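Participant: To start, I am sharing the structure in question, which I have written as structure tokens.
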Amino acid sequence: MAQTLFSRFRYSPFLAQMVVIRRCNLACGYCSEFDKTSDPVPFETLEKRLEKLKELGTFGISLTGGEPTLHPDLPRLIRKCRDLRFLRTGMISNGFFLKPELIEKLNEAGLQEMQISIDGVRRNETTEKVLDNLKKRLFALRDHARFRVTVSGVIGAAPPNEAEEVVAFAR
């Protein structure tokens, strides 16, 4: 059995991160994956990429950016991943645009996992991805998301003592 699994994934991408938009609403001091002006990658282009990744035997997709929630076709993209039967469909977000209505659309589309980036408790010169700005969005996720939510952060973007508070809140 293990040999069969290994041979299946040996020469194909296991998990692909796909940038759906470079634009982001933030300008975190440590991030090079954003700009303020780029258009979203057209749905048709992303659809072809997803189909090719599936053809290659890719196990899962993680939609990234910039900020993926700025892509106007995000629920449609997630639905396409589901229709192509990827075993895992996730995304990475800064969380700023997560309202109950969008969360419900992501549920309906078939999102399985979302990683939210939270770097500290209070805004500073390096990051705005902090609890003070995101608590309302995190409560919306708690109350509405039917997908798995994980919290990540950049060590060094906020004072070290804030990491413990973020971890305690996320639990």
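Read the sequence shown against numbering that gives the first Met the number 0 and you will find it ends at 170, with the numbers running on by one and no gaps.
For glycine and all other residues, C-beta sits at the position ideal for the given N, C-alpha and C.
Only a predicted model underlies this, so the values are computations on that prediction, with no experimental measurement involved.
#1: Let me know the alpha helix (DSSP H) ranges lying completely inside the segment 84-139, each 4 residues or longer, listed in chain order.
#2: What's the gap between the Cα of LYS253 and the Cα of ASN160?
#3: Taking the continuous beta strand (DSSP E) assigned at LEU14, which residues delimit it?
#4: At the level of alpha carbons, what is the spacing between GLU164 and LEU14?
#5: Going straight from the alpha carbon of GLY28 to that of GLY152, what length do you get?
#6: From this set, ILE20, ARG170, GLY94, LYS47, which residue's C-alpha is nearest TYR70's C-alpha?
#7: What separation, rounded to the nearest whole angstrom, lies between the Cα atoms of LEU104 and LEU110?
#8: Please check the pair THR57 and PHE85, which I expect to be a contact at CB under 8 Å, by giving their CB distance rounded to whole angstroms.
#9: Round the Cβ separation of LEU140 and ILE91 to the nearest angstrom and send it over; I've been treating them as touching at under 8 Å.
Facilitator: Taking the coordinates as given:
#1: 99-108
#2: Missing from the structure shown is residue 253; the chain here goes from 0 to 170 and no further.
#3: The residue labelled residue 14 in the question sits at position 15 within the sequence shown. First-last of the beta strand (DSSP E) with LEU14: 14-20.
#4: Taking the sequence shown and counting its residues from 1, one reaches residue 164 at position 165. Taking the sequence shown and counting its residues from 1, one reaches residue 14 at position 15. One C-alpha to the other measures close to 31 Å.
#5: The sequence position of residue 28 within the sequence shown is 29, counting from 1. The sequence position of residue 152 within the sequence shown is 153, counting from 1. Near 13 Å, if we compare the C-alpha coordinates of GLY152 and GLY28.
#6: Position 71 of the sequence shown, counted from the first residue, corresponds to residue 70. The question names Tyr, yet the displayed sequence has His at residue 70. Considering only alpha carbons, the answer is ILE20.
#7: Counting from 1 along the sequence shown, the entry for residue 104 is found at position 105. Counting from 1 along the sequence shown, the entry for residue 110 is found at position 111. The displayed chain sequence assigns Lys, not Leu, to residue 104. Their backbone Cα atoms lie some 9 Å apart in a straight line.
#8: Within the sequence shown, numbered from 1, the residue matching residue 57 stands at position 58. Within the sequence shown, numbered from 1, the residue matching residue 85 stands at position 86. Yes, they are in contact, since the Cβ atoms of THR57 and PHE85 sit about 7 Å apart, within 8 Å.
#9: Translated into the one-based positions of the sequence shown, residue 140 becomes position 141. Translated into the one-based positions of the sequence shown, residue 91 becomes position 92. Not really, about 14 Å apart at Cβ, beyond 8 Å.
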